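Q: My questions all concern the structure below.
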Amino acid sequence: MRIRGNGKVLVIVPAFNEAANLRAVAEDLRCFTGDVLVVNDGSTDGTAELAEKLGLMCVSHPFNLGIGGTIQTGLKYAFENGYELAVQFDGDGQHRADQLDLIIGPYRNGAADLVIGSRTLPGGYKMGRARWLGSRFFFWLIKLLSGQAIHDPTSGFRCYGRKAILLFSQYYPDDYPEVECIITAARYGLTIVEIPVLMRPRLTGHSSINRRRSAYYMLKVSLALIVDSMRSTPALEDA
Amino acid sequence: MDLTKIVSLSISLTIFVFVVWLIKERRLREKYALLWLFTSLFIILLTISRRILEITALSVGISYPPSLLFLIGVLFLLMVAIGQSVSLSRLTQSNHKLAQEVALLRKTVTSDLNCQKQKDNC
Chain R
33 MRIRGNGKVL VIVPAFNEAA NLRAVAEDLR CFTGDVLVVN DGSTDGTAEL
83 AEKLGLMCVS HPFNLGIGGT IQTGLKYAFE NGYELAVQFD GDGQHRADQL
133 DLIIGPYRNG AADLVIGSRT LPGGYKMGRA RWLGSRFFFW LIKLLSGQAI
183 HDPTSGFRCY GRKAILLFSQ YYPDDYPEVE CIITAARYGL TIVEIPVLMR
233 PRLTGHSSIN RRRSAYYMLK VSLALIVDSM RSTPALEDA
Chain B
75 MDLTKIVSLS ISLTIFVFVV WLIKERRLRE KYALLWLFTS LFIILLTISR
125 RILEITALSV GISYPPSLLF LIGVLFLLMV AIGQSVSLSR LTQSNHKLAQ
175 EVALLRKTVT SDLNCQKQKD NC
């Protein structure tokens with residue numbers, strides 16, 4: 033696999049109706065020197081216009097594709113424009129710009145292709161009990177299927193190196209992608225590193241996973257994990 | 075010709091005519107057109123001659139012929155439904171990819187246009 037890159041970093045901000053939070057996110061990212069790309073997933077609240085006004089780059093889906101497609105669009109953009117690194121940075125204000133250097137670190141040291149910002153490792157924050165149980169379950173399932181030990185597999189604060197950008201711009205799960213793409217990455221032999229990061233509680237809005245949906249979430253993701261670990265690994269097209 | 079035969083024959087002929095009409099109006103792709111054309115012909119055949127069903131059923135050891143009909147019907151519809159799910163998944167995937175392409179291309183086009191505008195201003 034040929035890996036090239038210009039050393040540039042792209043911060044990908046997935047946004048679906050995040051106009052209420054976007055200003056704070058843009059403010060937070062002001063100190064960051066790389067490029068910021070807002071991927072507007074068919075918002076109806078003027079997210080795209082606000083992003084342009086705040087001086088952020090923005091691509092807009094013609095309609096809502098879900099979080100998986102949104103992250104993938106960002107990664108496709110990163111790939112096509114030769115970025116060496118991409119960081120997923122949620123548009124709801126949970127992730128902190130002062131943690132960016134931390135999450136980029138392991139890639140820069142050559143130790144990782146995919147870095148996951150974890151809230152559960154020492155130094156992270158406390159999560160609710162239901163979420164903790166879910167995380168433990170996925171921890172063991174991932175460990176069983178791929179041998180990787182990921183303590184916070186649902187964390188969306190991630191850094192993608194060139195190899196991960198290449199892989200995920202071609203194969204990325206549609207819905208609830210966070211856990212499944214760990215298996216995909218492991219299958220392709222990417223080095224995955226988890227580091228503790230600080231996060232904020234959400235500013236407004238609500239998590240995409242509520243109690244009623246969580247049973248469906250667990251079942252769907254478990255099935256996806258098992259199926260994905262059975263897949264073959266066709267060669268990637270390095271365009 | 076008894077009443078049941080008249081009714082069932084008219085139903086199966088209606089299905090056949092409907093399928094032909096759909097094909098004529100180009101509302102069915104060739105791939106599906108052929109499937110439904112043969113299906114409706116098969117239904118007509120069964121209504122014309124009950125002997126076909128009876129002989130087939132008895133030869134495979136089914137003593138009540140209509141149950142063979144139900145078995146074939148259910149299995150056939152199941153296969154069709156799975157086939158539709160596969161097509162739908164493929165369509166969703168290509169739709170997805172197209173939406174992403176459109177988003178990325180629109181970004182390229184607008185930034186190219188902005189560049190052009192800036193050059194023109196100079």
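Order-wise, the sequence lines are chains R and B. For the first sequence, the numbering used here begins at 33 and goes up steadily by one. For the second sequence, the numbering used here begins at 75 and goes up steadily by one. Where is the CB? At the ideal position from N, CA and C, for every residue including glycine. Quantities reported herein were computed from a predicted structural model and do not represent experimental measurements.
Can you tell me whether G155 of chain R is buried or exposed? The criterion is at least 16 other CB atoms within 10 Å of its CB, across all chains shown.
A: Bear in mind that a pLDDT of 49 at G155 of chain R, under 50, signals an unreliable position, so the model cannot answer this.
Q: Provide the residue(s) that pair with S92 of chain R in DSSP beta bridges, ordered along the chain.
A: Note: S92 of chain R sits in a beta bridge opposite R:N72.
Q: Would you kindly work out how many angstroms separate the C-alpha atoms of M33 of chain R and I156 of chain B, rounded to a whole number?
A: Because M33 of chain R carries a pLDDT of 35, less than 50, the predicted location of this residue cannot be relied on, and the following value inherits that uncertainty. If I take the Cα positions, the gap works out to 37 Å.
Q: What in chain B is Cβ-close to K108 of chain R, meaning under 7 Å?
A: Simply Q174, L178.
Q: Along the chain, where does the alpha helix (DSSP H) that runs through I285 of chain R open and close?
A: Any question about residue 285 of chain R goes unanswered here, given that chain R covers just 33 to 271.
Q: Residues in its own chain within less than 7 Å of L187 of chain B by CB, not counting five upstream and five downstream?
A: Nothing listed; no residue qualifies.
Q: Using the C-alpha atoms, what's the distance from P233 of chain R back to G100 of chain R?
A: Taking the straight line from one Cα to the other gives about 22 Å.
Q: Do you know how far the Cα of A58 of chain R is from the Cα of K85 of chain R?
A: Each residue's alpha carbon lies about 11 Å from the other.
Q: If I'm right that L54 of chain R touches L82 of chain R with Cβ under 8 Å, what's the distance once you round it to whole angstroms?
A: Yes, they are in contact, since the Cβ atoms of L54 of chain R and L82 of chain R sit about 5 Å apart, within 8 Å.
Q: For S114 of chain B versus S86 of chain B, is the C-beta distance shorter than 8 Å?
A: Yes, the pair counts as a contact, with Cβ atoms nearer than the cut-off.
Q: Which same chain residues end up closer than 8 Å to V253 of chain R when comparing Cβ atoms and leaving out the 5 residues on each side of it in sequence?
A: Taken in chain order, the residues that qualify are F170, Y208, V211, E212.
Q: Which same chain residues end up closer than 7 Å to P205 of chain R when comparing Cβ atoms and leaving out the 5 residues on each side of it in sequence?
A: Answer for P205 of chain R: G100, E212, C213, A256, listed in chain order.
Q: Quick one: does K191 of chain B have its CB under 8 Å from some CB of chain R?
A: So, not an interface residue.
Q: Quick one, which of R:I224, R:W172, R:M89, R:L198 has its alpha-carbon nearest R190 of chain R's?
A: The residue with the shortest Cα to Cα distance from R190 of chain R is R:I224.
Q: Hey, is the segment 42–49 of chain R in contact with the segment 66–78 of chain R, meaning 3+ C-beta pairs nearer than 8 Å?
A: The segment 42–49 of chain R, when compared against the segment 66–78 of chain R, does touch it at the 8 Å Cβ threshold.
Q: Threshold first: 3 residues or longer. Then list the beta strand (DSSP E) segments lying entirely within the segment 77–144 of chain R, N to C.
A: 89–92, 117–120, all fully within the segment 77–144 of chain R.
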